[in-house]
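Numbering (my numbering), first residue to last: 102 to 326. The beta-carbon is built from N, C-alpha and C at its ideal position, and this holds for glycine as well. These numbers were taken from a predicted model, which means no experiment stands behind them. Since the structure comes first, as C-alpha cells, the remarks are kept for the end.
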C-alpha cells in the first residue's frame with residue numbers, strides 16, 4: 102500500500118488556513134481520496150484537554166510550559182492518529198504543526214531554538230510534512246479578519262509586539278536557506294491568501310499538483326488571477 106501524505110496548513114492569525122483546509126478536505130473526498138483532518142493542539146483526548154489549557158486558561162502559562170504542552174499534544178496525535186493514517190495510505194491535513202511552534206514559541210516567546218527543536222524531534226519521532234502550505238496575507242487584513250471572529254483565545258491576546266515577531270517568523274519560512282537549515286520542517290511553499298475562498302483554493306490545489314503531482318495532479322484547476 103502506498104504511504105499517505107502529510108500536508109500542513111500554516112500562517113498567522115486570520116489568513117484563512119482553516120477554511121482552506123476544510124475546503125481541500127471536501128475536494129479530496131469528492132475525488133475519492135481518503136483524507137482525515139486534525140488540528141493542533143487537539144485531535145486526541147489528551148490533545149483536546151491540552152487545547153483547553155493552552156487557549157482558554159485565565160492564568161499565566163510560562164513560555165517553557167506552553168511549548169511543552171504543545172509538544173505533548175503533538176506526540177500524542179502523531180502516535181495515535183497521524184502515523185496510522187499515513188501507513189494506511191490516507192492523506193492527512195493538519196491545521197498547524199512545528200512551524201507554528203517555531204513562530205509562536207521560538208520567535209514569539211523567545212525560547213531557545215535548539216531546545217525546542219530537540220523537543221519537537223522527540224514529539225514527532227522524526228516525522229516531517231510532505232508539504233507545508235503557508236498562507237500569506239497582509240498583516241492588517243489578517244488581523245482584521247481575526248477581529249471579526251469575535252472572542253480571542255489566550256495566545257491571540259498576547260499583544261502587538263508578540264504578533265509582529267510571529268509575522269516576521271512566518272515571512273522567513275519560504276526562504277530556501279532557512280528550509281535547508283531546518284529540514285525537520287519539510288518543504289514549505291507560500292500561497293497567496295488574498296481574494297475569495299474559491300480563488301485561494303484554486304491556488305492551493307495548483308500548488309499541491311505542482312509539488313506532489315503523483316498524489317494531487319488529478320485535482321489541478323486553473324490558478325485564479
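Quick check on residue i: buried or exposed, where buried means 16 or more other Cβ atoms within 10 Å of its Cβ?
{"i": "residue 311", "result": "exposed"}
{"i": "residue 278", "result": "exposed"}
{"i": "residue 221", "result": "buried"}
{"i": "residue 152", "result": "buried"}
{"i": "residue 239", "result": "exposed"}
Between the C-alpha atoms of residue i and residue j, what's the straight-line distance to the nearest angstrom?
{"i": "residue 314", "j": "residue 162", "result": "43 Å"}
{"i": "residue 141", "j": "residue 196", "result": "6 Å"}
{"i": "residue 135", "j": "residue 174", "result": "24 Å"}
{"i": "residue 145", "j": "residue 107", "result": "17 Å"}
{"i": "residue 211", "j": "residue 204", "result": "10 Å"}
{"i": "residue 164", "j": "residue 307", "result": "37 Å"}
{"i": "residue 190", "j": "residue 198", "result": "20 Å"}
{"i": "residue 118", "j": "residue 233", "result": "11 Å"}
{"i": "residue 229", "j": "residue 271", "result": "18 Å"}
From the DSSP output, in three-state form, read off residue i for me.
{"i": "residue 268", "result": "helix"}
{"i": "residue 111", "result": "strand"}
{"i": "residue 275", "result": "coil"}
{"i": "residue 207", "result": "helix"}
{"i": "residue 236", "result": "strand"}
{"i": "residue 228", "result": "coil"}
If you scan the segment 280 to 308 from start to end, which runs of the beta strand (DSSP E) of 3 or more residues do you find wholly inside it? Runs of the beta strand (DSSP E) lying entirely within the segment 280 to 308 and spanning at least 3 residues, in chain order: 289 to 293.
Counting only runs of 4+ residues fully inside the segment 141 to 180, write out the alpha helix (DSSP H) ranges in chain order. Fully enclosed alpha helix (DSSP H) runs of no fewer than 4 residues occupy 146 to 157 and 164 to 178 of the segment 141 to 180, in order along the chain.
Contact the segment 172 to 189 vs the segment 114 to 132: 3+ CB pairs below 8 Å: The segment 172 to 189 vs the segment 114 to 132: no contact.
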